[in-house]
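Trainee: Numbering (full-length UniProt numbering), first residue to last: 1 to 154. C-beta atoms are modelled at their ideal positions from N, C-alpha and C, and glycine is treated no differently.
(1) Do residue 21 and residue 44 count as a contact pair if the criterion is CB distance below 9 Å?
(2) Please report the residue range of the beta strand (DSSP E) in which residue 65 lies.
(3) Could you tell me which uninterrupted beta strand (DSSP E) segments, each at least 3 residues in length, are contained entirely in the region 63–93, listed from first to last along the chain?
(4) Is it the case that the region 122–136 contacts the region 103–113, given that we only count it when at least three CB pairs across the two stretches are under 8 Å?
(5) Helix, strand or coil: how does DSSP classify residue 123 here?
(6) Compare the Cα-Cα distances from residue 150 to each of 140, 124, 142, 49 and report the closest residue.
(7) Specify the secondary structure class of residue 104 as computed by DSSP and reduced to three states.
(8) Do residue 75 and residue 28 come within 9 Å of each other at the CB atom, strictly closer than that value?
(9) Using the three-state DSSP reduction, which class does residue 7 fall into: helix, strand or coil?
(10) Output the boundary residues of the beta strand (DSSP E) element that contains residue 14.
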């Protein structure tokens, strides 16, 4: 899918983005915004976002240690999903990590999150494991897929 946006910008997340982040993290499961913001205060923490028309519309949070990185959380504003924004942010993130010497990127995703799994597979991630009952749901527990992307230096 090609983005329908003509003005997407990917940049590091800034402290001044907090108000716009709060909108993306309303009524959502997963890590809290406070937890994620604390992550960026650690030497291994990093976060990038996508902005369109001065509006923050997607964010990705990572832990980067040596030549490996883990995607901790990845959000796209519900009003712009399925429009190429997530693909743009993931691609820019993987390119930036590759240039920085990161060789492998890991993540966990709900087994039922078909849209996210499809996005990750298109970006070159492969499933390398399963964590049974990892996520809590209203019906009990759900498995997590563990995925990995290996960078290829050219």
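Mentor: According to the structure data:
(1) Result no, Cβ atoms of residue 44 and residue 21 do not sit closer than 9 Å.
(2) Where residue 65 is concerned, the enclosing beta strand (DSSP E) starts and stops at 55–65.
(3) Entirely contained in the region 63–93, the beta strand (DSSP E) runs reaching 3 residues are, in chain order, 68–76.
(4) Short answer: they touch.
(5) DSSP, read as helix, strand or coil, puts residue 123 in coil.
(6) That would be 124, whose Cα lies nearest to the Cα of residue 150.
(7) Three-state DSSP puts residue 104 in a strand.
(8) Yes. Within cutoff.
(9) Residue 7: coil per DSSP, three-state reduction.
(10) Residue 14: not part of any beta strand (DSSP E); DSSP gives it neither H nor E.
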